[in-house]
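Take a look at the structure below.
Numbering (my numbering), first residue to last: 295 to 916.
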């Protein structure tokens, strides 16, 4: 080895560099800043070529950072080791210090194996990984490329689903992938090559369904509720297990989708009298239909109890759960079991008019428009409007209430800065212009229209936009990147609203809309403006009022609570947006339904009264 000082711009890239993904520019900038402060701590490893030039073996990122830091010289280590070890050195360098993507790791391991120059034990020691991790990487060898892309994005399947998918032939994976995404591509694009959009967090894959589709499992005839006629109609072909137990039905099928379709058909057509069809959520939990609640194990049976049936997505068996009709609000009567009609098989979920990417883009644009509207009124805003806006901001979803424990801050927040400006000596500076300026600055800091579970303000920010006429600040939305976020039905409806003739494809309609509006025109679709917020707000108020009325009428009785009287009450968010997908598992559900009989009601009331009177502070989520 030899230490040399060279110009970083003269170093050649290694064509065998195992890291093939695009560089992280922000990470490179941070490293460049660190090098400026403390220097280059670890010199890159290079090899001298026959023509005298130096090629990087390991250290491409450090070289890029030195160039960004405008360094004219850097230290390098010129290796004289066996050239066959270069690939192993580069791979270990990347995996140990900044992990490559899983597909990049697999390609490196696969190449090392194919070259037959390194054993698995050598590779594991060099990469500082276990043999089990190498075995897991080997699963990636049999995956369709778009699946590898999803894994590299961090949206891949869990290990169990990965094993099932990797075991399926590539042509079957490709066909299943094409079926999943046939509605997500342009008319002339191949759905089998569809890749998830990294900018759209809602662009995901139902991995469990894909694994089930590809799984080579046995589904036994003894677990089937359907008869032979229904099996034939759904394409189920039985195979006899010659090694099965004598005297039993040992027929099976490996066609999971056909078996599931036949079970679904039985649920739709053949439920026992009084039976209730139940649907399952994203994680396989069965949800009680409207007007019913589940009967926990600790509850005594009643004559009105009925049986709920649902298809278990994991086993494809039809499971049963007892249900109890709830009393109607008007009459207090129980719905008789005989009036229950089996629900039909759920129709496929239609694609939204605007994708998650479009909603994210729309949220950012709305936020800009809102902030522009606030800037426009900063000098002469009506004080009462400002007070109302501040109240709206405090009602946003990104505002939460915490106990007095103060979280440490690295620097003053914009709200703290405003308070320090207005109350420098503990007394308000009564300058209307300064008050308006700081109040608007805080509003801009808090209120936003972004699509975020934790930091988005929600409908209150859109109401604020109506208050300050933010619609007038919305830009022309007839541009290609936004229009691509519409589904085909959505873009056709948008064109119809502009009195445009129908087009054959979504692409043609996008072109027609942009031509109709023109570069100097302005078009904002109705759902993109601030106007729809009024109906959303009215619906939310109605839900809150109904919930308050129910609580007022039922809140006097503690015994009713223990018998499940309040089970039907749901939150405003659940009524408007549907239930939380992260439902409790069976054990958690039973624990929640089974009240703590040892806890005295008076004690609980006392505790609640103390908490209600306790000092609380408002915290704005960053």
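The beta carbon of each residue, even a glycine, is placed where N, CA and C say it ideally should be.
Rounded C-alpha distance that separates residue i from residue j
i, j, result
"residue 368", "residue 301", "6 angstroms"
"residue 451", "residue 468", "16 angstroms"
"residue 862", "residue 466", "Confidence at residue 862 is low in this model, with a pLDDT of 44, below 50, so its placement is unreliable and the value that follows should be read with caution. Distance between the alpha carbons of residue 862 and residue 466: 44 angstroms."
"residue 495", "residue 657", "14 angstroms"
"residue 738", "residue 729", "14 angstroms"
"residue 489", "residue 749", "28 angstroms"
"residue 475", "residue 572", "27 angstroms"
"residue 513", "residue 353", "53 angstroms"
"residue 304", "residue 405", "28 angstroms"
"residue 723", "residue 839", "40 angstroms"
"residue 584", "residue 792", "40 angstroms"
"residue 587", "residue 519", "25 angstroms"
"residue 487", "residue 349", "36 angstroms"
"residue 308", "residue 517", "58 angstroms"
"residue 806", "residue 655", "22 angstroms"
"residue 447", "residue 434", "14 angstroms"
"residue 567", "residue 600", "10 angstroms"
"residue 662", "residue 841", "35 angstroms"
"residue 917", "residue 428", "What is shown of the chain runs 295 to 916, which leaves residue 917 out entirely."
"residue 763", "residue 552", "55 angstroms"
"residue 669", "residue 835", "30 angstroms"
"residue 660", "residue 533", "59 angstroms"
"residue 299", "residue 464", "50 angstroms"
Residue interval of the beta strand (DSSP E) (run including residue i)
i, result
"residue 546", "545 to 547"
"residue 604", "600 to 605"
"residue 298", "296 to 300"
"residue 783", "Not the beta strand (DSSP E): residue 783 falls in the alpha helix (DSSP H), residues 782 to 791."
"residue 371", "368 to 372"
"residue 456", "Segment 453 to 461 is the alpha helix (DSSP H) holding residue 456; no beta strand (DSSP E) there."
"residue 612", "612 to 619"
"residue 587", "586 to 588"
Closest Cα partner of residue i within the set the options
i, options, result
"residue 439", "596, 726, 485, 760", "485"
"residue 774", "522, 811, 572", "811"
"residue 365", "845, 401, 819, 327", "327"
"residue 557", "573, 605, 493", "605"
"residue 801", "813, 778, 583", "778"
"residue 821", "796, 793, 756", "756"
"residue 564", "449, 472, 592, 523", "523"
"residue 687", "673, 664, 671, 706", "664"
"residue 832", "754, 620, 668", "754"
"residue 401", "492, 597, 431", "431"
"residue 373", "363, 351, 356, 673", "351"
"residue 613", "298, 574, 671, 684", "574"
"residue 769", "726, 813, 789, 804", "813"
"residue 320", "310, 355, 734, 344", "355"
"residue 693", "742, 666, 531, 456", "742"
"residue 360", "340, 324, 345, 344", "324"
Element boundaries [alpha helix (DSSP H), containing residue i]
i, result
"residue 490", "Neither: residue 490 is in no alpha helix (DSSP H) and is coded neither H nor E."
"residue 745", "Neither: residue 745 is in no alpha helix (DSSP H) and is coded neither H nor E."
"residue 506", "501 to 508"
"residue 816", "No alpha helix (DSSP H) contains residue 816, which DSSP labels as neither H nor E."
"residue 800", "800 to 811"
"residue 665", "650 to 670"
"residue 759", "753 to 761"
"residue 776", "774 to 777"
"residue 360", "354 to 362"
"residue 442", "439 to 446"
"residue 524", "522 to 527"
"residue 471", "464 to 474"
Residues that residue i bridges to, as DSSP identifies them
i, result
"residue 348", "342"
"residue 534", "545"
"residue 581", "573"
"residue 514", "546"
"residue 306", "349"
Neighbourhood of residue i by C-beta, 6 angstroms cutoff - its chain only, sequence neighbours within 5 removed
i, result
"residue 917", "The structure shown does not extend to residue 917, since the chain spans only 295 to 916, so no value can be given for it."
"residue 760", "824"
"residue 555", "528"
"residue 602", "570, 572, 615, 617"
"residue 337", "369, 370, 371"
Own chain, CB closer than 7 angstroms to residue i, minus 5 neighbours either side, in chain order
i, result
"residue 347", "306"
"residue 653", "745"
"residue 732", "712, 715, 716"
"residue 342", "348, 372"
Any chain C beta carbon closer than 9 angstroms to residue i
i, result
"residue 810", "No chain C appears in the structure shown, which is made up of a single protein chain."
Proximity test, residue i beta-carbon vs the ligand SAM heavy atom, cut-off 8 angstroms
i, result
"residue 787", "This structure does not include the ligand SAM; it has no bound ligands of any sort."
Cβ shell of residue i (< 8 angstroms), same chain only, five flanking positions each side left out
i, result
"residue 647", "780, 781, 783, 784, 787, 821"
"residue 459", "437, 441, 451, 467, 501, 504, 505, 508"
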